[in-house]
Amino acid sequence: MRPRVLVAGIGNIFLSDDGFGVEVIKELAAADLPPWVQIADYGIAVPYLAYDLTGGYDTTILLDATPHGRPPGTLSLIEADTDDLAASASIDPHGLRPDAVFRLLRLLGGDAGRVLVVGCEPACLDGGIGLSPEVEAAVPAAVRAVTELAWGVTPELPLKETTEV
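The following block contains the structure:
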């Protein structure tokens, strides 16, 4: 069965809470996910995500630290507007930003489907390995949220919003 959902962990594990997405992917490896879900740790190799998305997915779920000025460890569910993200013609092939991924994907003729971001408010993005206690405590809730999204259920998070990444 072709995976219909890609769950992509992104972030730099050497910048403390920026490793949130990578940590959630580690936990998801042991979760009870349906067979149509593929999980992948992209870490800082985010441009490769665009190439993988050319295979086609109905839904792409990105896991990342997303600073919005909220209390550390706060989870958010964001629906990305990929048309707006991909509108710019410039691409930095070494860029780590999701907007560059969607511009590259558009140039490659791919489609990420519906793009959701399960984000976590970081406490610290300084150099260092390991998540802050607040972000570490949010990992199990993020795993539950992704599992629910994979099964087609909208998770109950402390914050829901629709915006651009």
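Oh and the sequence shown: position 97 is 97 in the working numbering, straight run, nothing missing. For every residue, glycine included, the Cβ atom is placed at its ideal position computed from N, Cα and C.
Taking the CA atoms as reference points, residue 127 sits about 27 Å from residue 146. At a Cβ-Cβ threshold of 8 Å, residue 119 and residue 65 count as neighbours.
Residue 64: member of the beta strand (DSSP E) spanning 59-65, first to last residue.
Scanning the segment 5-64 from its first residue to its last, the whole beta strand (DSSP E) runs of 3-plus residues come out as 5-10, 37-43.
Residue 47 has its alpha-carbon roughly 15 Å from the corresponding atom of residue 7.
For residue 128, the beta-bridge partners assigned by DSSP are 15.
A Cβ-Cβ distance of about 20 Å is found for the pair residue 101 and residue 28, leaving them out of contact under the 8 Å criterion.
If you ignore the 5 residues before and after residue 31, its C-beta comes within less than 7 Å of the C-beta of 143, 147, all in its own chain and listed in chain order. The shortest CA-to-CA distance from residue 154 to any of 78, 10, 104 is the one to 78. Rounded to whole angstroms, the gap between the alpha carbons of residue 55 and residue 37 is 14 Å. One Cα belongs to residue 52, the other to residue 113, and the distance between them is close to 13 Å.
Burial check for residue 137: the Cβ neighbour count within 10 Å stays below 16, so the residue is exposed. Between residue 9 and residue 41, the C-beta gap is smaller than 8 Å, which places the two residues in contact. Bounds of any alpha helix (DSSP H) do not take in residue 70, whose DSSP letter is neither H nor E. Straight-line spacing of the CA atoms in residue 105 and residue 4 works out to 17 Å.
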